[in-house]
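Novice: Just passing along the structure, written as structure tokens.
Laid out in structure tokens, this is it:
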């Protein structure tokens, strides 16, 4: 089993030194969320993830949930762990106190999301979808619905799902076939099949609240005829108690490459009672509230799995003796592999990406909170635009980098990484879903290029590039060499952006064929921006914690030397256009 | 289950049009291996792999071998398939007719290796190690040993293994602990534990011939005290019949991420009778005969798995409708995803790498045959040097590209790629061993940089670069634009090579930290060279098979636009040196 120590020092560094978004700091309700409180919470979070959640990873992988007589039984130990997890109030961390939540901002809950992802992604998914459904109901549900469902969800007694995918439609929800027939009492009867439903059924909670996309009778074809419905597994009575079973049944559980302990279900809706959430035929908009926040969390999953992969690679490299280093420290026999330059390079590659991601994510958490909770509509809108811009980037980059990092971790472990004993190959398999679900990374890249660069509020990408330029201007003297490097790549990003904007107008296929590369370029530059902010804080505060800051500066140096320059090949290859790709005739 | 059609047209194209190594064509014994014969063989090979081997992949993955009362039972169906496989003489394809082989050159057998890898790598491994052991015994064994063991191995009735790894030594064989105690009759008693032994035990053959590295009593420490021993599972009597069980037992079978149907064993040698092969204390040299040829085959494994991943991605992309393309062909609803620019880009990326690899491998097969079978010692040596140079490149590049391609195949399949139904995720898991075994890809890169660039015969890499320059000079007019691009990257390769050569002298860590990037740069350039040869043949012969050659030209075009330029970032990042990497203090 891999070991794990939550990276509290790095998290507290970000919270203490990089919480410098003015607008975020104006949000009234977070003024009391101070450093001491956050430290206490994260220390408790570290304990529960390290002790309670981590051991579930292997047992869950070895014993996936089973469907028995129509009932899904989760892996051994999950039920007991879940009980403790909700008793200690962990589901409610970021929820509204009005419904029983603790009201913590994403600047805190994102760290907890990371710890959960590091220790057992499958376990995390049972509560993660609850939070997704909670957010969606909170924003689009009527007061009646909110009062009836949210307290139990916040408590963790009821869980949630999002039911979008059907056999013929994943990415393309316009093809959706599930029907909703309106009844005389204003409710709907939902019928159809949904597949790949994460936590679609299980035995951890008393009820499961499905949020289902379906087409109401008489609604138009395509995406404009889709509405959102709340469909509980058990009907909830007037008094809030649990009534009879609704018309939802579990067809099967998917047999998957990874996250085996997460029950991914085929759900059959057979005239199930549903309640419309939000306006008719605007279901996609409502669902996207859930999707967008969820996508950032998928990015955090990649980050979390990367972190545990790094930690275990590092400790293995310190213990495994193999071969003499160029400057050997061993009189007789082999050196620890951490003495080998190539292993060090690989470890620093992981570390510099992980810490860059965490800093970028912290920046995004502040923006997200401003977009949701600031009083000023303009501030809110601007933050919201940055969040939309960076959501596909964080989702795709972090999940892709998670593949690179878990793969490199296997390489460092050699044959022991490929066998099941140490649990390293499981990290790789578990992370492998992250570039696929919540919209494949190619879908994210298309979303970025065609919908997020420029919107009704203006030229978002220009605003973002200007924000970076503004922020790196004001930096410390010693940060200048890094800024100089970043400026070089900012120039490439700008050129690439202009190229993309041109192509979107008159040669969309060029933009489509370039979108994955563009996303990577933006991602690497965004991480470099985050690193500049880390560097500023490090040089400024250097004397107070020399070892920690020296480590940051060296790690940043690696990022700028070895990671950031990947930008160049992406730019060069992508801007060769697409004519030769579109003209090609596949046999 | 994935489908598979052997790429016979491409293979025959290479055999007919790119078999232009003069020295190869001088080898007397291959003069009768003509196009008709090869076509017949490959057609039969296609049949047996498509029909008999392919179905084993899924059943083997679902039902790995089990160890029961000390006996390893292979997956259902493997025994029957193996029987048919050896009855039809497939193991003997490339073996010496003197011992019952068919004497086919590697220019042919490499294609069969590819087909086997595409259809079921686990099954292939049972015979692959036999060929490895065969090659080693053929070169280093006494006539007595050869006559006693080789005919049964060529027939496939006995199989082979290579036993190197021990718990404390994988890469670093100097640490090896297995002992060999000489007996009065000249035999040895072998004692020790070997791990990760592919096909270490199974029920497919009557006997298993282990080639074991061990330290004879009185031999020095480190790599200079290692000898090679032949240790049969069952003692072979004077008359060649099978006698009593030798002191080798199976401790356990590894539970692995992929190639689950291949029995990877822990073998315990407990005073087992062994016969020394080759000179005492020169065991590593003898084993490397086996290792080097084996490493090229590992590259071919990556190529084979890439091919089947591509074929299935292509057919899925032609059938799966999702989203409207920029220029939609659908009146109502979604287009096949093959209409989307980004999916086309991904498919062409796969195809251009696969076909480049196959052409490069064909070039290498010719060189290998010259190195083994030419009459002229100088020609032999020169070819041997090129083979040594390119062995780590082919092993690492093809296995790494196999990861990229199987991963991209999963992305194209979306959720259906992550579930077990279609068998796509298995390709990814099965390929995941290839960058690890037979020396991790980092070990290959270090081998390339520190041992293969320059050797006692001179400056091999310079000779290789000059060979490329020479060969691309003489090419067709229409190939010129491609040559121009290649020249640009050859220039980078040359600069990088000179940098590496400098660093090897006085700053080895710089070279170590750059070796993976250097290997990639050399690999991409080598593939481009292979593509130039394909292009020459294509333009020259264009009128005779327009569709086929047009396809080649377009695919090459993609390679030069989108794949080859990756060279740049590798060069730029790697040449930043290693001081900041070596100085870094890992906590």
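Protein chains in written order, with this note's numbering: chain A, 23 to 609; chain B, 23 to 609.
Idealized CB from N, CA, C, for every residue including glycine.
Is the separation between the beta-carbon of residue 129 of chain A and that of residue 291 of chain A shorter than 8 Å?
Specialist: No, these two residues do not count as a Cβ contact at 8 Å.
Novice: Excluding sequence positions up to five away, which residues of its chain have a Cβ less than 7 Å from the Cβ of residue 434 of chain A?
Specialist: 335, 338, 339, 365 and 368
Novice: Which whole runs of the beta strand (DSSP E) in the region 195 to 247 of chain B are 3 residues long or more, in chain order?
Specialist: 201 to 204, 210 to 220 and 229 to 238
Novice: Indicate whether the contact test is met: 3 or more Cβ pairs, each with one atom in the region 441 to 456 of chain B and one in the region 76 to 93 of chain B, closer than 8 Å.
Specialist: yes
Novice: Can you tell me which of the three DSSP states residue 188 of chain A falls into?
Specialist: strand
Novice: Please classify residue 6 of chain A as buried or exposed, where buried requires at least 16 other C-beta atoms within 10 Å of its C-beta.
Specialist: Missing from the structure shown is residue 6 of chain A; chain A here goes from 23 to 609 and no further.
Novice: Using the beta-carbon of each residue, which ones in chain B are nearer than 7 Å to residue 464 of chain A?
Specialist: 364 and 433
Novice: Using 8 Å as the threshold, is the C-beta distance between residue 360 of chain A and residue 608 of chain B below it?
Specialist: yes
Novice: Between residue 558 of chain B and the rest of its own chain, which residues show a CB-CB distance below 6 Å, the 5 nearest in sequence each way excluded?
Specialist: For residue 558 of chain B, the CB contacts under 6 Å within the same chain, skipping 5 residues up- and downstream, are 497, 498 and 501 in chain order.
Novice: DSSP beta-bridge partners for residue 390 of chain B?
Specialist: Looking at the DSSP assignment, residue 390 of chain B forms no beta bridge with any residue, so it has no partner.
Novice: Quick check: the Cα distance between residue 516 of chain B and residue 371 of chain A, rounded to an integer number of angstroms?
Specialist: Going from the Cα of residue 516 of chain B to the Cα of residue 371 of chain A covers about 26 Å.
Novice: Express the C-alpha separation of residue 87 of chain B and residue 93 of chain B in angstroms, rounding to a whole number.
Specialist: 10 Å
Novice: Does any residue of chain B have a CB that is nearer than 8 Å to the CB of residue 441 of chain A?
Specialist: yes
Novice: What residues in its chain sit with their C-beta under 6 Å from that of residue 379 of chain B, if we drop five residues either side in the sequence?
Specialist: 325 and 420
Novice: Is there at least one Cβ from chain A nearer than 8 Å to residue 276 of chain B's Cβ?
Specialist: yes
Novice: Is it right to say residue 188 of chain B is buried, meaning 16 or more other beta carbons lie within 10 angstroms of its own, or is it exposed?
Specialist: buried
Novice: How close, in whole Å, do the beta carbons of residue 33 of chain A and residue 158 of chain A come, if the pair is a contact with beta carbons under 8 Å?
Specialist: Their Cβ separation, rounded to whole angstroms, is 28 Å, which puts residue 33 of chain A and residue 158 of chain A out of contact at 8 Å.
Novice: So residue 480 of chain B contacts chain A; which residues on that side make the cut at Cβ distance below 9 Å?
Specialist: Those within 9 Å of residue 480 of chain B in chain A number zero; the least Cβ separation is about 24 Å.
Novice: Below 8 Å on the Cβ atoms is my contact criterion, and I expect residue 619 of chain A with residue 375 of chain A to pass it. Report the Cβ-Cβ distance as a whole number of Å.
Specialist: For residue 619 of chain A there is no data in the structure shown, the boundaries of chain A being 23 and 609.
Novice: Which chain A residues are close to residue 25 of chain B, counting only those with a beta carbon under 9 Å from its beta carbon?
Specialist: The premise fails here: residue 25 of chain B is roughly 15 Å from chain A at the closest Cβ pair, so nothing lies under 9 Å.
Novice: Against residue 447 of chain A, what residues of chain B qualify as contacts under a CB-to-CB distance less than 9 Å, listed in chain order?
Specialist: 278, 279, 280, 451 and 454
Novice: Taking 8 Å as the threshold (beta carbon to beta carbon), is residue 352 of chain A in contact with chain B?
Specialist: False, the Cβ-Cβ gap to chain B never drops below 8 Å.
Novice: Using the three-state DSSP reduction, which class does residue 122 of chain B fall into: helix, strand or coil?
Specialist: coil
Novice: Check whether the region 576 to 583 of chain B and the region 543 to 553 of chain B touch, using three or more Cβ-Cβ pairs below 8 Å as the test.
Specialist: yes
Novice: Of all Cβ atoms in chain A, is any one closer than 8 Å to the Cβ of residue 579 of chain B?
Specialist: yes
Novice: Confirm, please, whether the CB-CB distance from residue 234 of chain A to residue 216 of chain A is below 8 Å.
Specialist: yes
Novice: Taking CB distances under 8 Å as the criterion, tell me whether residue 355 of chain B reaches chain A.
Specialist: yes
Novice: I want to verify the contact list: residues of chain B whose CB lies under 7 Å from the CB of residue 242 of chain A, in sequence order.
Specialist: Chain B residues near residue 242 of chain A: none, gap ~13 Å exceeds 7 Å.
Novice: Compute the Euclidean distance between the alpha carbons of residue 472 of chain A and residue 526 of chain A, then round it to the nearest angstrom.
Specialist: Distance between the alpha carbons of residue 472 of chain A and residue 526 of chain A: 7 Å.
Novice: Check whether the Cβ atoms of residue 417 of chain A and residue 342 of chain A sit closer than 8 Å, and answer yes or no.
Specialist: no
Novice: DSSP on residue 310 of chain B, reduced to helix/strand/coil?
Specialist: Helix, per DSSP.
Novice: With 8 Å as the threshold, decide whether the Cβ of residue 370 of chain B is near any Cβ in chain A.
Specialist: Judged by the 8 Å Cβ criterion, residue 370 of chain B is in contact with chain A.
Novice: Strictly under 8 Å for the Cβ-Cβ distance: is residue 559 of chain B near chain A by that measure?
Specialist: no
Novice: Taking 8 Å as the CB-CB cut-off, is residue 185 of chain B touching chain A?
Specialist: Residue contact check for residue 185 of chain B against chain A: no CB pair falls below 8 Å.
Novice: So, residue 193 of chain B versus residue 151 of chain B, is the Cβ gap smaller than 8 Å?
Specialist: In this structure, residue 151 of chain B does not lie closer than 8 Å to residue 193 of chain B by Cβ.
Novice: Of all the CB atoms in chain B, is at least one closer than 8 Å to the CB of residue 360 of chain A?
Specialist: yes
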